[in-house]
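The next block holds one structure in the form of structure tokens; read it before the comments.
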Amino acid sequence: MSMEERERVVESLPAEVTWDEMAMPEGDLHSEGKRQALGALRGYFKQQRRRVYVGTELPIYYPGERRFAPDLLVVLDADPHLRGKWVVSREGKGLDWVMEVHVGGDRKKDAEYNVRRYARLGIPGYFIYDRARERLEAYRLPSPEAREYVRIEPRHGRYPSEVLGLELQLDEERLRFWAGNALLLEPEEMNERLRGMLDGAQRRADEEARQRAEEVRRREEAERRLAELQVELERLKSRGE
């Protein structure tokens, strides 16, 4: 098959999955779990100016494998432009990190089948965010050649991900990402912090303007008083003469 023919085949691959291939919708807990993590990771890697693709529910095509669409996926050293699908043969590499968000129903797909499948595909890191039980399960490949996961044990409540260079933690029903001692803020939190900084800067500017206006008023009052005193002095001199 020529390159042009191969490209036409890739282009013809669907950019969506069927209902049979997807889990049933699980409401706000499921969508919020993905959205918050997506925003935090995209913001972090953008700030780091790293070429990292972060996507959600993207149809994934591995050669000879049935397509699938993980809740959240990360590919290192990949252009972060928008995509409708990830075709390994076109992109030149597979996924580096996957997270599935589980809310209800049968856990076997995420906790058993995907553990075996993602390891067999050579995906280095796999996390399960179980919102029903409020816990994390984390796996990694012990070597690039390995095709069986080992569990990642938490350290002081945080699960390290060598792939991401981050640590994950559940905190008050929210999934948090840490870069060392720095907490990765979600977009809403970043906006709120920026608004707070802007409000603080505006208050300081208003206070400085008020102080400058008060200084001008005092100076003008002092100048007016000085002029009055000079007039009074001249009046007294004229009387003395």
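Its first residue numbered 1, the sequence shown is counted upward by one per residue in the UniProt record's numbering. Glycine included, C-beta positions come from ideal geometry on N, C-alpha and C.
Taken in chain order, the whole alpha helix (DSSP H) runs of length 4 or more contained in the UniProt domain "Putative restriction endonuclease" (24-169) are 27-48, 88-91, 114-120. DSSP, read as helix, strand or coil, puts residue 239 in helix. Annotated as proximal: residue 161 and residue 97, with beta-carbon spacing under 8 Å.
From the listed residues 137, 212, 234, 65, the smallest Cα separation to residue 149 is found for 137. Residue 176 sits in a strand when the DSSP states are folded into three classes. With 16 or more neighbouring CB atoms inside 10 Å of its own CB, residue 102 falls in the buried class. Each of 185, 59, 128 was checked against the Cα of residue 87, and the nearest Cα belongs to 59. Here the alpha carbon of residue 227 sits roughly 58 Å from the alpha carbon of residue 188. A straight line joining the alpha-carbon of residue 94 with that of residue 123 spans about 7 Å.
A direct Cα-Cα distance of roughly 12 Å separates residue 48 from residue 184. CA-CA distance, residue 66 to residue 121, rounds to 11 Å. Distances from the alpha-carbon of residue 145 to those of 154, 44, 119 put 119 closest. Counting C-beta atoms within 10 angstroms of its own C-beta, residue 108 has fewer than 16 neighbours from the protein chains shown and is therefore classed as exposed. Here residue 168 is buried. Its C-beta has 16 or more other C-beta atoms within 10 Å. Fewer than three pairs of CB atoms, one per stretch, sit closer than 8 Å, so the stretch 62-81 makes no contact with the stretch 202-213. Using a 10 angstroms sphere on the CB of residue 219, the tally of other CB atoms stays under 16, which defines it as exposed.
When secondary structure is reduced to three states using DSSP, residue 184 falls in the coil class, being assigned neither helix nor strand. Looking from the CA of residue 156, the closest CA among 178, 126, 35 belongs to 178.
As the crow flies, the alpha-carbon of residue 126 is around 35 Å from that of residue 4. In this model, residue 173 and residue 134 are separated by some 7 Å (Cα to Cα).
Sorting 53, 27, 116 by C-alpha distance to the C-alpha of residue 79 places 53 at the top.
When the Cα atoms are used, residue 99 and residue 176 turn out to be separated by approximately 13 Å.
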